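Numbering (my numbering), first residue to last: 1043 to 1351.
Glycine is no exception: its CB is placed at the ideal position from the N, C-alpha and C atoms.
Predicted model, so just to flag it, every value in this text is computed and none were measured.
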């Protein structure tokens, strides 16, 4: 799934790539050489891939909260590992206890799930030299990749997609339960997270939940939500529309250190132009693909508030 990054970073590769996307003459040898074999979908040039990452971060909550890892080599399934680090004071001449944690290395399977984005342009735009097709396509791909990644980040079931934070067995642990949402329950959820994760903690909820919490006041009539900084208990609040409402059996609020969720990219983005199927309609289709997986590496790092019946 890897490409020759010394080639895709060149201006010659970028020129031929975008000529291919515009249905203009291009040197397929240059594009195929980057892949090491003839292919129908070409790796996005390095310059545009960097721009796409920036565009995705502008749209995505997951890319701004989680840890992004790129691992393009290896088999379709690899293993990520996690272990407890340590720091000990050791008397001079004493043995450093390096092997005490020998068996705490936890392996997590990492698969390679295909995420495909399809967009269309009219032939007039494709062949218009004044039209900035490079930025337009890159932004549209980014917006759709961000939307799909965010949904999987929360609701992915691990079947042909990443495993999300709301997964019952592999997602966030339940830190507090409540029959209905209250500020006291948020305090319980906050306290359920270990201090080492709480220090970089973030709240995650949808707009409806946030609106409800914004109306809460303490006994003196002061709002409990700091509207100036959008914080609760001094920690930032992030809105994720994929989060559920405060209904029975749901997890409307997450809190913790989301950097322990790893989004692992198994391949660079590749793009294929599709003209034949849409030529009668005066259109050109573009199919962009990436292979990615994701999961919460430490369940205790993020806790969920569960609404009970």
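Which class does residue i belong to by DSSP, given the choice of helix, strand or coil?
i            : result
residue 1237 : helix
residue 1199 : strand
residue 1043 : Note on residue 1043: pLDDT 48, under 50, position unreliable in the model; no value is reported.
residue 1268 : strand
residue 1340 : coil
residue 1173 : coil
residue 1312 : strand
residue 1429 : The requested residue 1429 is not part of the displayed model; the chain covers only 1043 to 1351.
residue 1179 : helix
residue 1066 : coil
residue 1328 : strand
residue 1319 : helix
residue 1351 : coil
residue 1210 : coil
Could you give the residue range of the alpha helix (DSSP H) that holds residue i?
i            : result
residue 1254 : 1249-1256
residue 1242 : No alpha helix (DSSP H) contains residue 1242, which DSSP labels as neither H nor E.
Do residue i and residue j have their C-beta atoms within less than 8 Å of each other?
i            : j            : result
residue 1335 : residue 1312 : no
residue 1263 : residue 1235 : no
residue 1324 : residue 1066 : no
residue 1155 : residue 1047 : no
residue 1245 : residue 1326 : no
residue 1337 : residue 1304 : yes
residue 1298 : residue 1351 : no
residue 1223 : residue 1173 : no
residue 1231 : residue 1347 : yes
residue 1277 : residue 1243 : yes
residue 1331 : residue 1207 : no
residue 1181 : residue 1161 : no
residue 1274 : residue 1316 : no
residue 1203 : residue 1101 : no
residue 1279 : residue 1103 : no
residue 1302 : residue 1258 : no
residue 1056 : residue 1077 : no
Along the chain, where does the beta strand (DSSP E) that runs through residue i open and close?
i            : result
residue 1162 : 1155-1164
| task | Return the chain-ordered ranges of every alpha helix (DSSP H) run that is complete within the region 1069-1112 and spans a minimum of 4 residues. | result | Taking only runs of at least 4 residues, the alpha helix (DSSP H) segments lying wholly in the region 1069-1112 are 1070-1077, 1088-1101 and 1104-1107.
| query | Given 8 Å as the limit, is there contact between the region 1182-1201 and the region 1275-1287, that is, 3 or more CB pairs closer than that? | reply | yes
| Which full runs of the beta strand (DSSP E) of 3+ residues lie inside the region 1258-1310, going along the chain? | 1277-1281, 1295-1298 and 1303-1307
| message | Would you call the region 1083-1097 in contact with the region 1053-1065, where contact means no fewer than 3 C-beta pairs closer than 8 Å? | response | yes
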